[in-house]
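There are 2 protein chains.
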Amino acid sequence: MKPYNTMSKEELTKEKEALTSEFNAHKAKGLKLNMARGKPGDDQLALSMPMMDILNSKSNLYSEGNIDCRNYGELTGIPEAKRLFADYMGVAIDEIMIVGSTSLTFMYDCIARAMLTGVLGSERPWVKEEKVKFLCPVPGYDRHFAICQFLGIEMINIPTSSTGPDMDMIENLVSSDPLIKGIWVVPKFSNPLGITYSDNTIKRLASLKPAAKDFRVFSDNAYAMHIVYKDVPLLSMMDAFKESGNANMLYLFGSTNKVTFPGAGIAFMAAAKENIAFKEKQLSMHAIGYDKLNMLRHVRFLKDVPGIKAQMQKHADLLRPKFDAVINKLEAELTGLGAGTWVKPDGGYFITFMAEKGCAKKIIALCKDAGVSMTNAGATHPYGNDPDDSFIRIAPSFPSLEELKTAMEVFCTSAKLVSAEHYLSC
Amino acid sequence: MKPYNTMSKEELTKEKEALTSEFNAHKAKGLKLNMARGKPGDDQLALSMPMMDILNSKSNLYSEGNIDCRNYGELTGIPEAKRLFADYMGVAIDEIMIVGSTSLTFMYDCIARAMLTGVLGSERPWVKEEKVKFLCPVPGYDRHFAICQFLGIEMINIPTSSTGPDMDMIENLVSSDPLIKGIWVVPKFSNPLGITYSDNTIKRLASLKPAAKDFRVFSDNAYAMHIVYKDVPLLSMMDAFKESGNANMLYLFGSTNKVTFPGAGIAFMAAAKENIAFKEKQLSMHAIGYDKLNMLRHVRFLKDVPGIKAQMQKHADLLRPKFDAVINKLEAELTGLGAGTWVKPDGGYFITFMAEKGCAKKIIALCKDAGVSMTNAGATHPYGNDPDDSFIRIAPSFPSLEELKTAMEVFCTSAKLVSAEHYLSC
């Protein structure tokens, strides 16, 4: 088919009519499908069912160092959990703490604590500053942005390319504005683009010279080993920050929520030894310790990093056909049509679709109208405001393959219909 | 024996010498005993071992309403957990949310959120006030006070009698000072006194007319069913606050940490429907949900409130001999001696010892010197400062009965020795 931007009004009108009846046919089916969240599918959850048998009343419930996992204590986690997830995050055992079941909640908690009391090296609590600003590479993760918005932190969009966020812009901003206290990054298989930061990007992040002495890089390594097609090595952030003499500038977060069970996993924070010691002291004011039985269950199930990699390979085998289904449908229906482009990721949980400018909201509204839930347009940007109204995050993991194929038919029809209307009105 | 305050210098000197050699004999044993924290004993943990077999890979892991407990979702918890713990806390199912594994962390989180964004009805975040103050009934729980101190909240001591904190003082302060935003209470089997607030105290708390429109009662109902000797009914706080038209003024917290496994339990917050809805909206900014598998495990194990009561009766049967050992030793060694008094509680986790003025720190230092760890003197008061240096919290749950008896010998010798010295120097 001819690209929409080369079609005559008549051709576009005809196309629009055809697409409208196609859309109405979808709508008539009364679908109820969901491509909104990065939620693992039932087949992925089944991979961790053996973990349910790891601990029982006959098990030894003591961890290394003779710690009774059924009782209070061990604020930073049991040794074997710290060792496993330190290996997973590429840090030393005294550079990690286990922090409950969800890393997002702990990220919020870190920023809330920074607001109220400051981080290691702060001259004052962040709330005592005239204003606090964060840099937000876009497209990014809506819940990171929600945390900043909730806490009244001003967010600044940073465009992202295939090598990572615009480092020139970041360097300029960070070195000149002492109110910029942090940056969100998802360095590997980023949410939603699926890109992995280049070595150069990591080195430049590690070498930042912030005007704010208590600036922090909030690195959400949610997809550390979450390949779909192939692994892309990420330079060790901790090593890079240490080499630059900026070790204390880095906070790393991760969890097993997409390794084992979402919501019932193990979350952790990695940082330089001094940061961890400082955090432990802060936490001791309001926490006694996190669920050690679940730590033990996880370590005995996953065993070691090769164990995690083997588990992630099984996840990849289940995710790949779903990613294929999305990519293949987009390629078959939209290639060269001028109705949007997309990024095929190597890993992570999402496929990013870039609609024609001003078309994303309309596409998502049409999908919803036909019973297909998508992440809101704008969710990829701070304040829910994508200035181009272009980015759409497709989450293929939760629906079954059949549901996904149907949902993608609705999506492609919607994208074409909105684009045809867009060019008609140009 | 004669009371110390009636002894002559000679008699006291002789007594001191005898006690010093008694103390040195204890010290020579090289003991390592701990009466510091309210940590359940191994025998109590064993009561919950059947819970380890409740879920396995063959179990139905869906909750009521067909919610997959292995996946994301249900920010406020699964329905059966909300129902069970609503019953336990004496509230309705839409007046509760399940909030992870430890209530202390969530109490901190509530206050931190109030500081940063306010509570329902706040005109501004609490950090925007000139200052924030909390009322702290004393003796009280050190970790409540640590949260306030960490957040820079000024604490005001409120004396406590057998019916609860001094309500005249509370009414006067709360109605006149708009910077007083909260009060900590442990209304049942309080930490450490073990008293239960009278109906009148609860009614007066419920009828407060705070100058601060966003004042909150932080009620830590940690020991709701934690009898040792006998149950003492607590008036329903939620009902009382509703009757006074102050439903939104009440936050209730609780957990199963001393019902099942400390650190691996279920924590919850109860409050009026509007408060819960407001909190849920706030939480949705930075949380996706808490461990639903652990909720399911707990509900299927505990079943219902009679199930919890039966479990707590078993705990009581194990705790009672330990409380008896402490009380009996105190009665045998110290009755009428002028070397301190004590409170025999009906339930909870502690026995409170009131040393002669200015003697608590010295007693605890001596105990430590002889290998017996106690909660720090002053821990029962804000800023770790007991103005009378009198209160000592004895936690009898963790040591074995034999260890406890030995520890109490050391304690009584220390209390007598410090008291004899005290009267010698008078």
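In the order they appear, the protein sequences are chains A and Z. Be aware that the first sequence starts at 53, since it is given in the working numbering, and climbs by one per residue. Be aware that the second sequence starts at 53, since it is given in the working numbering, and climbs by one per residue. All C-beta atoms, glycine included, are put in the ideal place defined by N, C-alpha and C.
Next on the checklist: Looking at chain A, is there any beta carbon in it that lies within less than 7 Å of the beta carbon of Z:ASN112?
Outcome noted: no
Checklist entry - How many angstroms separate the CA atom of Z:ASN398 from the CA atom of Z:LYS282? => result According to the sequence displayed, residue 398 of chain Z carries Asp and not Asn. One C-alpha to the other measures close to 5 Å.
Checklist entry - In this structure, what does DSSP give as the bridge partners for A:ILE415? => result The partner list for A:ILE415 (beta bridge, DSSP) is empty, contrary to what the question assumes.
Checklist entry - Relative to chain A, which residues along the stretch 309 to 321 of chain Z have a C-beta separation below 9 Å, given in chain order? => result ASN309, THR312, PHE313, PRO314, GLY315, ALA316, GLY317
Checklist entry - Residues of chain A with CB under 7 Å from Z:LYS122, in chain order? => result Residue identity differs from the one stated: residue 122 of chain Z is Arg in this sequence, not Lys. Residues of chain A passing the Cβ test: LEU97, PHE313, ALA316.
Checklist entry - Any contact of the stretch 412 to 429 of chain Z with the stretch 297 to 311 of chain Z, i.e. 3+ C-beta pairs under 8 Å? => result no
Item to check | Exposure label - A:THR387; buried when at least 16 CB within 10 Å | outcome: exposed
Item to check | Under 9 Å (Cβ pairs) to chain A, residues found in the stretch 332 to 355 of chain Z | outcome: GLN334, LEU335, SER336, MET337, HIS338, ALA339, ILE340, GLY341, TYR342, ASP343, LYS344, LEU345, ASN346
Next on the checklist: At a CB distance below 9 Å, what residues from the stretch 432 to 459 of chain A approach chain Z? Give them in sequence order.
Outcome noted: PHE450
Checklist entry - What's the call for Z:ASN123, buried or exposed, on a 16-neighbour Cβ count within 10 Å? => result buried
Next on the checklist: Run through the DSSP bridge pairs and tell me what Z:TYR114 is partnered with.
Outcome noted: Z:ASP120
Checklist entry - Quick one: Cα of Z:ALA258 to Cα of Z:SER296, how far? => result 6 Å
Item to check | CB-CB length for A:PHE186 against A:ILE235, believed under 8 Å | outcome: 6 Å
Next on the checklist: Out of Z:LYS294, Z:MET149, Z:LYS84, which one is the CA nearest neighbour of Z:LEU456?
Outcome noted: Z:LYS84
Checklist entry - Unbroken alpha helix (DSSP H) runs of length 4 or more, entirely within the stretch 73 to 160 of chain Z: which are they? => result 94 to 98, 131 to 141
Checklist entry - By DSSP, does A:VAL184 sit in helix, in strand, or in coil? => result coil
Next on the checklist: Do Z:SER109 and A:MET104 have their beta-carbon atoms positioned less than 7 Å apart in this structure?
Outcome noted: yes
Checklist entry - Taking 7 Å as the CB-CB limit, is Z:ALA133 close to chain A? => result no
Checklist entry - Which residues, in chain order, does the stretch 181 to 207 of chain Z contribute to contact with chain A at a C-beta distance below 9 Å? => result ARG195, ALA198, ILE199, GLN201, PHE202, LEU203, GLY204
Checklist entry - Considering only residues of the stretch 285 to 328 of chain Z, which uninterrupted alpha helix (DSSP H) runs meet the minimum length of 4 residues and lie entirely inside it, listed in chain order? => result 289 to 295
Next on the checklist: Let's test the definition: count the other Cβ atoms within 10 Å of the Cβ of A:PRO239 and tell me whether it reaches 16, buried, or not, exposed.
Outcome noted: buried
Checklist entry - Which chain A residues are close to Z:PRO92, counting only those with a beta carbon under 8 Å from its beta carbon? => result ASN123
Next on the checklist: When you compare the CB of Z:ASP229 with every CB in chain A, is at least one pair closer than 7 Å?
Outcome noted: no
Next on the checklist: Can you find the residues in the same chain that come closer than 7 Å, C-beta to C-beta, to A:PHE402, ignoring five residues on each side of it along the sequence?
Outcome noted: GLY90, ASN243, PRO244, GLY246, ARG445, ILE446, ALA447
Checklist entry - Which residues in chain A sit within 7 Å of Z:PRO102, going by Cβ to Cβ distance? => result SER109
Checklist entry - Between A:LYS261, A:ASP218, A:VAL462, A:MET207, which lies nearest to A:LYS79 when the distance is taken from Cα to Cα? => result A:VAL462
Checklist entry - So, using beta-carbon positions, are Z:LEU203 and A:LEU168 closer together than 7 Å? => result yes
Item to check | Collapsed DSSP secondary structure at A:GLY359 in the structure displayed | outcome: helix
Item to check | Proximity test, Cβ basis, 7 Å: A:TYR303 and chain Z | outcome: no
Checklist entry - Between which two residues does the beta strand (DSSP E) containing Z:ASN209 stretch? => result 206 to 213
Next on the checklist: Against chain A, does Z:THR427 count as a neighbour if the rule is that its beta carbon must be under 7 Å from one of theirs?
Outcome noted: no
Next on the checklist: Cβ closer than 7 Å: which chain Z residues qualify as neighbours of A:ARG372?
Outcome noted: Neighbours of A:ARG372 on chain Z: none; closest Cβ ~20 Å, over 7 Å.
Next on the checklist: Quick check on this structure: which residue in Z:ILE208, Z:SER213, Z:ASP220 has the alpha carbon closest to the alpha carbon of Z:LEU231?
Outcome noted: Z:ILE208
Checklist entry - Short check: CB of Z:LYS344 to CB of Z:ILE130, under 7 Å? => result yes
Next on the checklist: Along the stretch 136 to 157 of chain A, where does the CB come closer than 7 Å to a CB of chain Z? Name the residues.
Outcome noted: GLY152, SER153, THR154, LEU156, THR157
Next on the checklist: Comparing C-alpha positions only, which one of Z:ALA431, Z:GLU332, Z:ALA412, Z:LYS294 sits nearest to Z:THR128?
Outcome noted: Z:GLU332
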